[in-house]
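Undergrad: Attaching a single structure in structure tokens format; questions to follow.
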Amino acid sequence: MTQYVIRRLLIAIPSLLGISVILFTVLALAPGDPFEELATNPAIPPEVRLQLRASLGLDDPIHVRYIAWLTSMLRGEWGYSFVSRINVDQLILQRLPTTLIVIGTSQVVALLIALPVGVLAATRPYSLFDKIANTLAFIGFSLPTFFTGLLFILFFSIYLDWLPFVYRTQIEATGWRWFWEQVKQTIMPVMVLGLFQGAAWTRFVRSAVLDVIRLDYVTTARSKGLPERTVITKHVVRNALIPVVTLVALQMPVVFGGAIVTEQIFRVPGIGSLLITAILSNDTPVIMAVTFVFACLVVFFNLLADVIYGWLDPRISYR
Amino acid sequence: MNEQELWRLMRRVRDGKMSRRAFARRMAAFGITAPMATQLLTFAGVSPASAQSVPAYRPTRRGGGGHLKILYWQAATLLNPHFAVGTTNQDASRVFHEPLAGWAADGTLVPILAAEVPSIENKGVAEDGRSVTWKLKRNVKWHDGEQFSADDVLFNYEYAKNPQIAGTTSGSYRDVNVVKVDDFTVRVEFDKPTPFWADAFVGAVGLMIPKHLYKDYAGANAREAPANLRPVGTGAYRFVSFAPGDLLRGEAFADYHTENRPYFDTMEIKGGGDAVSAARAVLQTGDYDYAWNLQVEDQTLQRLEAAGRGRVNIVEGGSIEFIQLNATDPNREVDGERSHISTQHPAFRDPAVRQAMALLVDRQSIQNFIYGRTGPATPNFLNAPPRFRSPNMTMEFSVERANQLLDQAGWARGGDGIRAKDGVRLKFLYQTSINAPRQRTQQIIQQAARRAGIEIELKSVVASVFFSSDVGNPDTYGKFYADMQMYTTTMPQADPQRFMNQYVSWEVSQKANSWQGRNIVRWRNDEYDRAYRAAEGELDPVKRAALFIRMNDLIVGSNHVIPIVQRPLVSASLNNLRPVLSGWDTTMWLLRDWYRET
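Keeping their order, the protein sequence lines are chains A and B. In this text, residue positions in the first sequence follow my numbering: the first is 28, and each later residue adds one. In this text, residue positions in the second sequence follow my numbering: the first is 1229, and each later residue adds one.
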């Protein structure tokens, strides 16, 4: 087991290096620079732009810049944002709590919807409940988040005037009022993301459970006279969960990566909105850091999913 | 009326022998508009009545106004004014840092850290135009309690011009010399007579950072200064917290140097999102007090305004959306460079073609159907302040006249309906950045041109590429590898000197200057160059204004530049908020005077 984990971690190193080379090259080849606004402002002499480009190393050849990036990354320096002029790790850390709260809650909401609904729908296939759940799930994951987000804003914020649609990190209130304000402003982005994710997962859980529920051992369990509840929870769901765990584990990096569109609509200062503003302003070190951290998380959670398999299904062994 | 008589009249007003109104009436008789007359008076040292420049401030004590919530759809990313790239950062740093003087909406100076605005009368401005002396307020404290003095001003000069710092403000400081006269007086010296002296230490480039906190970080280590992220300034609000790209918070500064200010106890600037929902958050739901730079279609704004909670503020500045007709040939390569200055555009070298193009731009429709209140059509490149606006240019849309002109000039329609002459076809590549109103404008012009036998191919480039300084990219606006292009150019000060250098021959954008030259259309004209040189040293404001008007007429008259619409600053505020805005300075330029009517 330990040997397996170590081997997997060693394999991860070349793949991460490869990812970083590709990311860096693509970003370096992308046209544009972070000083667009300087260009149209006649008060700023062009030499300043050239000086800034030179001081940020933008004029060096790609391989020199890559090696500089890699060595500082190995020393734990994530780079320095062209736009904010501070270290990238500081920027990311500032955004992390909000991202974890909003995206994390939405994933929990999605699981809370998907698991019971999916299992219930699978145990009574083609019943009325199944049909309704199916239809809603279809609608749920066919509607893109930017659409549901705007719909929610129009209905809850503008028509009903119940909820604010601008997310604020600093609420000047304490105790219960603070909590209530926090809930009010978080509920829309969380529901938009949670319902979308939940709908997709519901379909997945349903089909996973359906696959298992037809197997002979389930019939055996039933014929032993076990109560239906035990059959479902102990025998069906545990086995059906294996593919679901993969899916959820692979989704976890997204929790850290944020949700670009939803964060933009609700002005949630998460990592997704950091990434999109960085991309729009050609802030390469920030894009590089966020995407690279994301790549690391994907590799890590893949490994985690594989390890959890063994715990869920003792038949799987690691060699 | 000759100049001497004009000066005599102006002196009479100054000495109180003639009323301002009578003066304006006399001027009107000579075709000079009232705003222009008022501007003339300011040159003669008659300060405009304060109500004209800055609206009256009503609160009678400091604080007590609660919380002010401002929404920016582009978030500030840094707070050191000398690093500020773009207006969001300039605005954010203006909350805490102040200049010696700021520009009011009518293009006049308002003293902020200076005790008074220098003028010839108060001996601030030297008669020979070679120096200007600023007297500083004596009761100004930094937020940490230190005294503000001439040493700080001198330090900012040295900091800004230091090439190691690569400050975005350096352009205003590198050609001047600053000396400390005494603890509360500094003198800015110029090596030649300089009529536009109000650049260094004024407006967005003049924001003061404290010497005592930055003196150890005034070199290559500038970015390590802790105060970059925890600014200490002299402003009416002092720093509370800042998350780059998200939220900036401030609180009233109890020792602020101007009485009864500020009104609000705390303030915040939230950033991010998009312009339409920012307009909604003010106009429709009233969640925020003020929303910045609403580049939103006017129809949408009007619909949101109908909710009755807030209003749209439109403030005139000098920004202009315009078309350039390339003077050089973008399709021929000379020395590895297209649009080389030694070439001539095969079609646009014929004035008839250029004039026809100008006739095919339906500015009135572009205003009516695309920009509305947010883009008034204009025939001039230089529109503001009013004293520099040319009365000589006209705008006309006429497909018939364009056809007539082209027929007369010998451009005959071919079998495909496209005009040609001597093997040159009237087929143009027209580029701009990606932006919905710009694409719609392109289409309007394309359709009109088709009716005149001109084929236009449209191209749109992502803004971050189009406006980049990337030497390797062929699609930048500076390279101008197209026949026509369109964008907005901004005018950062109420003086056109720097704005009008866009057409002088020594600014031609080319490989030799990495395409950083400001004359992108690559138009050259001896008379324009001479007029510009003369304006640089002309101390008589009336003559100087005439020179700039002449320059406008030369470039616009050549039709190499076709002005389309002015782009005023558009923002939204709640009905009870009284923001003080100016098109010549940053949005936050007089945040200390914002208050809420109760």
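All residues carry an ideal CB built from backbone N, CA and C; glycine is no exception. Since this is a predicted model, take the numbers as computed values, not measurements.
For residue 1310 of chain B, count neighbouring C-beta atoms within 10 Å of its own C-beta (all shown protein chains included) and say buried if the count is 16 or more, exposed if not.
TA: Numbered from its first residue, the second sequence carries residue 1310 of chain B at position 82. Label assigned to residue 1310 of chain B: buried.
Undergrad: With 8 Å as the C-beta to C-beta threshold (strictly closer), list the residues of the segment 303–334 of chain A near chain B in chain order.
TA: So the list reads 304, 307, 308, 309, given in the order they occur along the chain.
Undergrad: Answer with buried or exposed for residue 1704 of chain B, where buried requires no fewer than 16 other C-beta atoms within 10 angstroms of its C-beta.
TA: Start at 1 with the first residue of the second sequence, and residue 1704 of chain B comes out as number 476. Residue 1704 of chain B should be labelled buried.
Undergrad: Compute the beta-carbon to beta-carbon distance between residue 1608 of chain B and residue 1617 of chain B, rounded to the nearest angstrom, for a pair I have assumed lies under 8 Å.
TA: Reading the second sequence from its first residue, position 380 is the one you call residue 1608 of chain B. Reading the second sequence from its first residue, position 389 is the one you call residue 1617 of chain B. Yes, residue 1608 of chain B and residue 1617 of chain B are in contact; Cβ-Cβ is about 6 Å, under 8 Å.
Undergrad: Going along the segment 109–127 of chain A in order, which residues come within less than 7 Å of chain E, judged by CB to CB distance?
TA: No chain E appears in this structure, whose protein chains are A and B.
Undergrad: Identify, in the order they occur along the chain, each residue of the same chain with its Cβ nearer than 8 Å to the Cβ of residue 1373 of chain B, setting aside the five sequence neighbours on each side.
TA: Here the question's residue 1373 of chain B lines up with position 145 in the second sequence. If we look at residue 1373 of chain B and ignore the five residues flanking it on each side, its Cβ neighbours are 1483.
Undergrad: What whole-angstrom Cβ distance do residue 1341 of chain B and residue 1495 of chain B have, given they're in contact under 8 Å?
TA: Within the second sequence, numbered from 1, the residue matching residue 1341 of chain B stands at position 113. Within the second sequence, numbered from 1, the residue matching residue 1495 of chain B stands at position 267. At roughly 20 Å, the Cβ-Cβ gap does not stay under 8 Å, so residue 1341 of chain B and residue 1495 of chain B are not in contact.
Undergrad: How would you write the range of the alpha helix (DSSP H) that residue 1386 of chain B sits in, first residue to last?
TA: Position 158 of the second sequence, counted from the first residue, corresponds to residue 1386 of chain B. Per DSSP, residue 1386 of chain B belongs to the alpha helix (DSSP H) from 1378–1389.
Undergrad: Measure from the alpha carbon of residue 1542 of chain B to the alpha carbon of each residue in B:1554, B:1552, B:1529, B:1553, then state which is nearest.
TA: As a working mapping, residue 1542 of chain B is identified with position 314 in the second sequence. Among B:1554, B:1552, B:1529, B:1553, the Cα nearest to that of residue 1542 of chain B is on B:1529.
Undergrad: If the criterion is Cβ atoms closer than 9 Å, does the pair residue 1597 of chain B and residue 1668 of chain B meet it?
TA: Here residue 1597 of chain B refers to the residue found at position 369 of the second sequence. Here residue 1668 of chain B refers to the residue found at position 440 of the second sequence. Closer than 9 Å, so yes.
Undergrad: Comparing C-alpha positions only, which one of B:1381, B:1382, B:1301, B:1426 sits nearest to residue 1724 of chain B?
TA: Translated into the one-based positions of the second sequence, residue 1724 of chain B becomes position 496. When only C-alpha atoms are compared, the closest one is B:1426.
Undergrad: Does residue 1295 of chain B have its Cβ less than 9 Å from a Cβ in chain A?
TA: Residue 1295 of chain B sits at position 67 when you count from the first residue of the second sequence. Closer than 9 Å: yes.
Undergrad: Enumerate, from N- to C-terminal direction, the unbroken alpha helix (DSSP H) stretches of 4 or more residues contained entirely within the segment 1396–1450 of chain B.
TA: If we require 4 residues or more, the alpha helix (DSSP H) runs fully inside the segment 1396–1450 of chain B come out as 1439–1442.
Undergrad: To which residues of the same chain is residue 1278 of chain B closer than 7 Å at the C-beta, ignoring the five residues directly before and after it?
TA: Position 50 of the second sequence holds residue 1278 of chain B. Low confidence applies to residue 1278 of chain B: its pLDDT is 41, below 50, so where it sits in the model is not reliable, and the reading given next is rough at best. None.
Undergrad: By DSSP, does residue 1351 of chain B sit in helix, in strand, or in coil?
TA: Residue mapping note: residue 1351 of chain B aligns to position 123 of the second sequence, counting from 1. Residue 1351 of chain B: coil per DSSP, three-state reduction.
Undergrad: Give the straight-line distance between the Cα atoms of residue 153 of chain A and residue 238 of chain A, rounded to the nearest whole angstrom.
TA: For this step, residue 153 of chain A is matched to residue 126 along the first sequence. For this step, residue 238 of chain A is matched to residue 211 along the first sequence. Cα to Cα, the separation comes out at about 15 Å.
Undergrad: Could you tell me how far apart the beta carbons of residue 192 of chain A and residue 215 of chain A are, in whole angstroms, since I believe they sit closer than 8 Å?
TA: Counted from its first residue, the first sequence places residue 192 of chain A at position 165. Counted from its first residue, the first sequence places residue 215 of chain A at position 188. Between residue 215 of chain A and residue 192 of chain A the Cβ distance is about 7 Å, and since that is below 8 Å, they are a contact.
Undergrad: Expressed to the nearest angstrom, what Euclidean distance is found between the alpha-carbon atoms of residue 1451 of chain B and residue 113 of chain A?
TA: Translated into positions along the second sequence, residue 1451 of chain B becomes position 223. Translated into positions along the first sequence, residue 113 of chain A becomes position 86. Between residue 1451 of chain B and residue 113 of chain A, the C-alpha separation is close to 8 Å.
Undergrad: Strictly below 9 Å CB to CB, what residues from chain A border residue 1446 of chain B?
TA: Stepping through the second sequence from its first residue, residue 1446 of chain B is reached at position 218. Under the 9 Å cutoff, chain A gives no residues; its nearest Cβ is about 15 Å from residue 1446 of chain B.
Undergrad: What are the start and end residues of each continuous alpha helix (DSSP H) run of 4 or more residues lying completely inside the segment 1615–1655 of chain B, in chain order?
TA: 1627–1636
Undergrad: Leaving out five residues on either side along the sequence, give the residues of the same chain with a beta carbon under 6 Å from the beta carbon of residue 1473 of chain B.
TA: Here residue 1473 of chain B refers to the residue found at position 245 of the second sequence. Answer for residue 1473 of chain B: 1303, 1305, listed in chain order.
Undergrad: For the segment 183–201 of chain A, list every residue whose C-beta sits within 8 Å of some C-beta in chain B, in sequence order.
TA: Per Cβ criterion, the list reads 184, 185, 188, 191, 192, 193, 195, 196, 197, 199.
Undergrad: Would you mind listing the beta strand (DSSP E) stretches within the segment 1473–1521 of chain B that are 3+ residues and don't spill past its ends, in chain order?
TA: 1475–1480, 1494–1499
Undergrad: Taking Cβ positions, are residue 1412 of chain B and residue 1363 of chain B nearer each other than 9 Å?
TA: Translated into the one-based positions of the second sequence, residue 1412 of chain B becomes position 184. Translated into the one-based positions of the second sequence, residue 1363 of chain B becomes position 135. Yes. Within cutoff.
Undergrad: Which class does residue 1310 of chain B belong to by DSSP, given the choice of helix, strand or coil?
TA: Here residue 1310 of chain B refers to the residue found at position 82 when the second sequence is read from its first residue. Per DSSP, reduced to three states, the secondary structure at residue 1310 of chain B is coil, with no helix or strand assignment.
Undergrad: Just list the alpha helix (DSSP H) runs in the segment 31–115 of chain A, keeping only unbroken ones of 4 residues or longer that don't cross its boundaries, in chain order.
TA: Here the runs fully enclosed are 63–67, 73–82, 89–101.
Undergrad: Quick one, which residues of the segment 1469–1488 of chain B are near chain A if we go by CB-CB under 8 Å, in chain order?
TA: 1469, 1471, 1472, 1473, 1474, 1475, 1477
Undergrad: If you follow the alpha helix (DSSP H) that residue 237 of chain A is in, where does it begin and where does it stop?
TA: As a position in the first sequence, residue 237 of chain A is number 210, starting the count at 1. Per DSSP, residue 237 of chain A belongs to the alpha helix (DSSP H) from 202–240.
Undergrad: In the segment 271–301 of chain A, which residues sit with their C-beta less than 9 Å from some C-beta in chain B, listed in chain order?
TA: 290, 291, 292, 293, 294, 295, 296, 300, 301
Undergrad: Report back the beta-carbon spacing between residue 1314 of chain B and residue 1493 of chain B to the nearest angstrom; my notes put them in contact at under 8 Å.
TA: Start at 1 with the first residue of the second sequence, and residue 1314 of chain B comes out as number 86. Start at 1 with the first residue of the second sequence, and residue 1493 of chain B comes out as number 265. Rounded, the Cβ-Cβ distance is 29 Å, inconsistent with contact.
Undergrad: State the DSSP-derived secondary structure class of residue 1734 of chain B, mapped to helix, strand or coil.
TA: To locate residue 1734 of chain B, count along the second sequence from 1; it is residue 506. Of the three classes helix, strand and coil, the one that applies to residue 1734 of chain B here is helix, per DSSP.
Undergrad: Express the C-alpha separation of residue 1595 of chain B and residue 1605 of chain B in angstroms, rounding to a whole number.
TA: Looking up residue 1605 of chain B in the second sequence gives position 377. Looking up residue 1595 of chain B in the second sequence gives position 367. Cα to Cα, the separation comes out at about 6 Å.
Undergrad: Which stretch, first to last residue, makes up the beta strand (DSSP E) that contains residue 1541 of chain B?
TA: Along the second sequence, read from residue 1 onward, the residue named residue 1541 of chain B stands at position 313. First-last of the beta strand (DSSP E) with residue 1541 of chain B: 1538–1543.
Undergrad: Can you say whether residue 1619 of chain B is buried or exposed, counting buried as having 16 or more other CB atoms within 10 angstroms of its CB?
TA: In the second sequence, counting from the first residue as 1, residue 1619 of chain B sits at position 391. Residue 1619 of chain B should be labelled exposed.
Undergrad: So, helix, strand or coil for residue 124 of chain A, using DSSP?
TA: Stepping through the first sequence from its first residue, residue 124 of chain A is reached at position 97. Helix.
Undergrad: So for residue 10 of chain A, helix, strand or coil by DSSP?
TA: Past the boundaries of the shown model lies residue 10 of chain A; chain A is included only from 28 to 346, so the question cannot be answered.
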